[in-house]
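Below is one structure, written out as structure tokens; comments come after it.
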Amino acid sequence: METLVLKKDYIVLYVLLGIVYLSGMYLPLMENDSAQHAVMAMRMFLENDFLHLYKGDALYLDKPHMHFWLAAISFKIFGISHWAYRLPAIFFTIIGAISCNRLSKIFYGNEAAHIASLVFLSSQAIVLANHDVRTDAVLTGATIFAVWQLVLFVNKVQLVHGILGGIGLGIAFSSKGQLAVFVAGICVLSHIFYTRKWNVIVQWKTIVSALFFVIAISPVLYAYYIQFDLHPENVVNGKTNVSGLRFILWDQSVHRLTANGFKETSPDYFFFFHTLLWAFLPWSLIAYIALYQRCKQLVRIRFRYERNTEMLTSIGVLVVLIVISFSKFKLPHYLNSLLPILSVLVAGFLLDLYNKHRRKLINGLLFFQIGVLMLGSVLLLFLIFWIFPIPHVGLMLCYLLLIVGGIIIMTISINKMRKLIVVSVYFMILINFCLNTQFYPNLLLYQAGNNAAKIIDREKINPEKVFMGEGRPSWSLDFYTQRITPGISLKRIKNTLHHHDWLFVYQHQLNELKEQQLVWDKKYEINHHRITRLTKKFLNPNTRHTVLEKAFLLRIKKE
Numbered sequence: 352m353e354t355l356v357l358k359k360d361y362i363v364l365y366v367l368l369g370i371v372y373l374s375g376m377y378l379p380l381m382e383n384d385s386a387q388h389a390v391m392a393m394r395m396f397l398e399n400d401f402l403h404l405y406k407g408d409a410l411y412l413d414k415p416h417m418h419f420w421l422a423a424i425s426f427k428i429f430g431i432s433h434w435a436y437r438l439p440a441i442f443f444t445i446i447g448a449i450s451c452n453r454l455s456k457i458f459y460g461n462e463a464a465h466i467a468s469l470v471f472l473s474s475q476a477i478v479l480a481n482h483d484v485r486t487d488a489v490l491t492g493a494t495i496f497a498v499w500q501l502v503l504f505v506n507k508v509q510l511v512h513g514i515l516g517g518i519g520l521g522i523a524f525s526s527k528g529q530l531a532v533f534v535a536g537i538c539v540l541s542h543i544f545y546t547r548k549w550n551v552i553v554q555w556k557t558i559v560s561a562l563f564f565v566i567a568i569s570p571v572l573y574a575y576y577i578q579f580d581l582h583p584e585n586v587v588n589g590k591t592n593v594s595g596l597r598f599i600l601w602d603q604s605v606h607r608l609t610a611n612g613f614k615e616t617s618p619d620y621f622f623f624f625h626t627l628l629w630a631f632l633p634w635s636l637i638a639y640i641a642l643y644q645r646c647k648q649l650v651r652i653r654f655r656y657e658r659n660t661e662m663l664t665s666i667g668v669l670v671v672l673i674v675i676s677f678s679k680f681k682l683p684h685y686l687n688s689l690l691p692i693l694s695v696l697v698a699g700f701l702l703d704l705y706n707k708h709r710r711k712l713i714n715g716l717l718f719f720q721i722g723v724l725m726l727g728s729v730l731l732l733f734l735i736f737w738i739f740p741i742p743h744v745g746l747m748l749c750y751l752l753l754i755v756g757g758i759i760i761m762t763i764s765i766n767k768m769r770k771l772i773v774v775s776v777y778f779m780i781l782i783n784f785c786l787n788t789q790f791y792p793n794l795l796l797y798q799a800g801n802n803a804a805k806i807i808d809r810e811k812i813n814p815e816k817v818f819m820g821e822g823r824p825s826w827s828l829d830f831y832t833q834r835i836t837p838g839i840s841l842k843r844i845k846n847t848l849h850h851h852d853w854l855f856v857y858q859h860q861l862n863e864l865k866e867q868q869l870v871w872d873k874k875y876e877i878n879h880h881r882i883t884r885l886t887k888k889f890l891n892p893n894t895r896h897t898v899l900e901k902a903f904l905l906r907i908k909k910e
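My numbering applies: residue 352 is where the sequence shown begins, and numbers increase by one.
Written out as structure tokens, the structure is:
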């Protein structure tokens with residue numbers, strides 16, 4: 352039987368995926384979360400304070416420290432830049448891909464291993480998480496690493512895997528809290544249940560594994576204790592006597608489930624099931640079919656153990672999806688830590704279809720994937736030629752080569768399953784390369800903060816003389832001037848700023864300044880839009896001007 356995916360296939364696809372991820376590393380950071388998190392890490396680095404987290408002037412009690420620590424360490428080594436901020440995310444995504452590969456190899460053998468890695472790396476939410484970097488890339492990579500090591504520990508009861516699993520889970524916990532423990536715990540418990548290896552729970556080596564988990568999370572616990580528990584007088588979200596330890600060990604997860612302290616985002620119990628449609632593109636339909644088929648198979652055999660069958664990637668994932676669906680505070684990126692596990696499920700399912708010669712289903716899936724590719728190509732041309740100006744001729748040639756490559760792949764005569772996998776990965780390479788090199792760079796021209804920083808650099812303005820209007824921070828301005836820009840109350844600006852100080856404000860703030868008869872002798876006007884919340888009017892170049900806001904960089908004049 353012909354090899355499902357040839358070595359030359361996955362080498363070429365890995366290289367092309369690497370180019371896509373590399374192109375995303377050099378995009379300016381987007382507001383709010385990505386730029387905000389970068390500024391928080393930058394503050395750690397600049398002040399050499401790794402124990403305290405601040406969001407502007409306020410104490411920060413939400414995401415744990417690991418993501419910020421890794422970014423700050425990257426700044427220490429490579430300097431402050433957007434690519435240095437993204438480097439830990441890329442590193443943990445590579446760890447995630449390797450872990451997918453190895454976990455798939457355990458369950459389904461060598462042929463499925465590279466398929467799982469390619470599925471994971473080409474998933475839309477994973478590509479997005481590596482340029483719009485928040486805590487999710489570190490969380491995802493550490494979670495699947497922990498699952499892989501703990502599965503090995505269950506299978507072999509070797510201490511090294513228990514230790515590595517505990518450390519991996521500790522890093523995941525230190526990135527986003529209890530979510531990682533819940534996801535990995537449910538999945539590993541489902542594996543123990545299916546293999547009936549209950550004795551592993553009472554092994555002394557399991558206690559050692561748990562001990563290493565505690566050791567791994569202890570830096571975060573210590574930091575929370577120092578910042579909050581030692582200072583009950585601190586005001587956090589309008590409250591005093593706030594315990595950082597209680598927050599990370601209990602309140603964070605429970606409050607998100609009940610929306611206590613968080614704005615309820617969606618009452619839809621199917622939110623994560625339909626969010627998966629775009630987050631796991633182009634593998635969503637295949638994942639749904641695989642999930643259904645695997646659950647159906649497990650019920651049919653009454654959960655008896657069979658070789659080349661597992662329930663970690665199906666029942667484990669389904670239980671997690673059902674539980675988090677009852678949360679009153681839902682965000683799409685909560686799914687990210689499940690995507691590598693679903694990648695293993697998809698790889699095993701595709702290999703099973705191929706081995707069982709399920710030609711009708713394979714042909715149907717191939718037809719669907721090619722249909723998505725054609726639709727994606729049309730949307731791509733729309734993005735390139737209509738929403739923003741025609742790109743540089745060099746980029747146009749790259750896009751043309753990629754499109755020609757896609758046509759060749761769709762028309763050459765190779766086995767249908769191999770074509771399905773290659774077409775699907777290639778589709779995401781094509782789309783995301785064009786997004787990273789044409790769409791996002793143009794989109795970021797409408798984010799005022801980083802463009803104000805360009806003016807400050809170009810005009811050789813001293814960043815120490817730049818201030819911003821209080822009440823509306825610009826994280827990208829802070830990051831690209833490498834300084835926590837002081838915010839000044841608009842009512843006190845006249846008495847606070849000196850001659851030839853600079854002030855960054857938005858349109859509504861400028862109107863208030865005019866009422867105070869503040870005088871300036873130089874003004875730079877910058878277009879602004881909340882670029883992470885796109886609207887039809889903004890995307891339409893004919894109506895874009897109607898939704899644009901103005902920001903201004905003013906040089907203050909005093910007699």
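For glycine and all other residues, C-beta sits at the position ideal for the given N, C-alpha and C.
First and last residue of the uninterrupted alpha helix (DSSP H) at residue i
i, result
"LYS527", "510 to 527"
"ILE759", "744 to 762"
"GLY722", "710 to 733"
"ASN846", "844 to 847"
"PRO814", "Per DSSP, PRO814 belongs to no alpha helix (DSSP H) and is neither H nor E."
"LYS548", "LYS548 -> no alpha helix (DSSP H), and no H or E assigned at all."
"MET393", "384 to 398"
"PHE622", "622 to 630"
"SER934", "As displayed, the chain neither begins before 352 nor continues past 910, which places residue 934 out of reach and without an answer."
"LEU367", "358 to 376"
"GLU657", "Counting along the chain, GLU657 falls outside any alpha helix (DSSP H), and DSSP gives it neither H nor E."
"ASN862", "858 to 866"
"LYS681", "Per DSSP, LYS681 belongs to no alpha helix (DSSP H) and is neither H nor E."
"TRP826", "826 to 832"
"PHE889", "887 to 890"
Inter-residue CB distance, residue i and residue j (contact presumed, cutoff 8 Å)
i, j, result
"ILE692", "VAL668", "6 Å"
"LEU368", "LEU472", "5 Å"
"THR444", "GLY492", "6 Å"
"VAL587", "CYS538", "In fact, because the Cβ distance is near 33 Å, the residues do not count as touching under 8 Å."
"GLY699", "TYR361", "Rounded, the Cβ-Cβ distance is 17 Å, inconsistent with contact."
"LEU404", "MET391", "6 Å"
"ALA480", "ALA467", "About 18 Å separates the two Cβ atoms, so there is no contact after all."
"LEU501", "ALA463", "Contact doesn't hold; Cβ gap of about 20 Å is too wide."
"GLN789", "ILE735", "6 Å"
Opposing strand residues paired with residue i [DSSP bridges]
i, result
"ALA409", "LYS406"
"ARG906", "TRP853 and LYS873"
"LYS590", "VAL587"
DSSP state of residue i mapped onto helix, strand, coil
i, result
"ILE577", "helix"
"ILE839", "strand"
"ASN937", "The chain is shown only over 352 to 910; residue 937 falls outside these bounds and no answer can be derived."
"GLY460", "coil"
"VAL478", "helix"
"VAL668", "helix"
"LYS901", "strand"
"ASN687", "helix"
"HIS879", "strand"
"MET381", "coil"
"ASN506", "helix"
"HIS418", "helix"
"ASN766", "coil"
"HIS896", "helix"
"VAL565", "helix"
"GLN644", "helix"
"PRO570", "helix"
"LEU600", "helix"
Endpoints, the beta strand (DSSP E) within which residue i is located
i, result
"VAL817", "817 to 820"
Residue i at chain D interface by Cβ criterion, 8 Å
i, result
"ALA561", "Reference to chain D is not applicable here, since this structure consists of a single protein chain."
Any non-hydrogen atom of the ligand MN within 7 Å of residue i CB
i, result
"ILE763", "With respect to small molecules bound, the structure shown includes none, and the ligand MN cannot be examined in it."
Query raised in the report: For the stretch 437 to 452 against the stretch 556 to 572, are there 3 or more C-beta pairs whose distance is under 8 Å?
Result: Because the criterion of three Cβ pairs below 8 Å is not met, the stretch 437 to 452 and the stretch 556 to 572 do not touch.
Requested in this report: Take every Cβ of the stretch 364 to 379, pair it with every Cβ of the stretch 808 to 822, and state whether three or more of those distances are shorter than 8 Å.
Outcome: Taking a contact to require three or more Cβ pairs closer than 8 Å, the stretch 364 to 379 and the stretch 808 to 822 do not qualify as touching.
Requested in this report: Report yes or no: do three or more beta-carbon pairs, one from the stretch 852 to 864 and one from the stretch 901 to 908, lie closer than 8 Å?
Outcome: The stretch 852 to 864 vs the stretch 901 to 908: in contact.
**Report entry** At least three beta-carbon pairs within less than 8 Å, the stretch 790 to 801 to the stretch 873 to 882
**Finding:** Result yes; three or more Cβ-Cβ pairs closer than 8 Å.
Query raised in the report: Quick one: any contact between the stretch 713 to 724 and the stretch 671 to 687, if contact means 3 or more CB pairs under 8 Å?
Result: Under the 8 Å Cβ criterion, the stretch 713 to 724 does not count as touching the stretch 671 to 687, having fewer than three qualifying pairs.
Query raised in the report: Counting pairs of Cβ atoms below 8 Å between the stretch 756 to 767 and the stretch 775 to 795, do you hit three or more?
Result: Judged by Cβ distances under 8 Å, the stretch 756 to 767 makes contact with the stretch 775 to 795, as three or more pairs qualify.
Query - Inter-stretch contact (C-beta, 8 Å, three-pair minimum) for the stretch 653 to 664 and the stretch 679 to 698 - result: Contact holds: three or more Cβ-Cβ distances are below 8 Å.
**Report entry** the stretch 561 to 574 / the stretch 509 to 528 touching (three or more Cβ pairs under 8 Å)
**Finding:** They touch, by the three-pair rule.
Query raised in the report: Touch check for the stretch 810 to 819 and the stretch 762 to 777: three-plus C-beta pairs under 8 Å?
Result: Contact between the stretch 810 to 819 and the stretch 762 to 777 is absent, because fewer than three Cβ pairs lie under 8 Å.
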